[in-house]
Each structure stands twice: as structure tokens, then as C-alpha cells.
Amino acid sequence: AKQFEQGGFYLDIGAHHASYMSNTRLLDALSWRGLCLPLIFRDQDWHGRSCEVNSGFLVPAMPPGNVISLMNCEDKRRGCTQVEVPAVTMEGLLGSVPSVVEYMSLDVEGAELEI
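The sequence shown begins at 90 in our numbering and counts up by one.
#1: Helix, strand or coil: which one does DSSP assign to residue 118?
#2: So, at 7 angstroms on beta carbons, what are the nonlocal neighbours of residue 151 in its own chain, with the 5 sequence-adjacent residues on each side left out?
#3: Name the residue from 118, 108, 113 whose alpha carbon lies nearest to the alpha carbon of residue 134.
#4: Using only alpha-carbon positions, find the residue among 180, 124, 98, 119 that is nearest to residue 104.
#5: For residue 169, which residues of its own chain have a beta-carbon under 7 angstroms away from its beta-carbon, when the five flanking residues on both sides are left out?
#6: Quick one: which unbroken alpha helix (DSSP H) runs of 4-plus residues sit fully inside the segment 160-188? Chain order, please.
#7: Might you give, ordered along the chain, the residues of its own chain that have their beta carbon closer than 6 angstroms to the beta carbon of residue 187, omitting 5 neighbours on each side?
#8: Given that a residue counts as buried once 16 or more other Cβ atoms are within 10 Å of its Cβ, and exposed if not, what is residue 116?
#9: Would a C-beta distance cut-off of 8 angstroms place residue 142 and residue 156 closer than the cut-off?
#10: Have a look at residue 195 and residue 95 and give me their C-alpha separation to the nearest angstrom.
#11: Considering Cα atoms alone, identify which of 149, 180, 122 is closest to residue 191.
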């Protein structure tokens, strides 16, 4: 894994948690830079990560109003709540990253082909 020692840039799309079962946290420890898009942003330990956190939700096409409505069922105390989050397309996302992305994790719960 010598190529990982040099650092690089990664995209983590659909990041579930800042550290638990993370596909990219180790890359932070190896001095990589990255962009993380959590499925639903909530107050986790993202401040401990070196990636830039984008609160947008990746969609295949921009919806009217540039927002998407989701059911958030992560908070077991409050049950499910409807939340609106900013939408972002892959085209819009790639305009804000370097021209070379050495690693990309795409975990969007079955919508990978649409993205």
C-alpha cells in the first residue's frame, strides 16, 4: 500500500458515520484530503476528520428548488422526521474537487447506477 503513503484526494459519497465503519477515515490518517457527503448530516465527530463535509445529498438530476425531502429515522428518541437537504449532482460536485481523485467510495444504498 505504498501508493497510499503519498497522500491524495478522495470522495466519500454516502458516508454513514465520521469514524464507525468509515471507508475513508484511514486515508485521513495518511494525510489525504477529501470531500465527505454523509447520507444525512448529523452531529457526529466530523470535526475530527480532515475531509471537507458537504451537507448536500447526491441526486441524478437537480430537483425544483434545489432541495430534496428525506425521512430521517436515525434518532430513535424522536422517531422518523422529514428533513429537507440541499441537492447536489455529480456534475456540480466534481466541479469543486481536484482533476485527479485517487479514491472514491460511493455507498448510496442501491442508487449507484442512477448517480
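Cβ coordinates follow ideal geometry from the N, Cα and C atoms, glycine included. In this text the structure is predicted, and so the values were computed from the model without any measurement.
Reading off the structure:
#1: Shown here, residue 118 sits in a helix according to DSSP, grouped into three states.
#2: Once the five neighbours on either side are set aside, the close Cβ partners of residue 151 are 176, 178.
#3: Cα-wise, what sits closest to residue 134 is 108.
#4: Minimum Cα-Cα distance from residue 104 among the listed residues 180, 124, 98, 119 corresponds to 124.
#5: Short of 7 angstroms from the beta carbon of residue 169, and not among the five residues preceding or following it, lie these beta carbons of its own chain, in chain order: 160, 161, 162.
#6: Counting whole runs of 4 or more residues, the segment 160-188 contains the alpha helix (DSSP H) stretches 179-183.
#7: Here the set comprises 98.
#8: The residue is buried, with at least 16 neighbouring Cβ atoms inside 10 Å.
#9: Result no, Cβ atoms of residue 142 and residue 156 do not sit closer than 8 angstroms.
#10: Here the alpha carbon of residue 195 sits roughly 23 angstroms from the alpha carbon of residue 95.
#11: When each option's Cα is compared against that of residue 191, the closest is 122.
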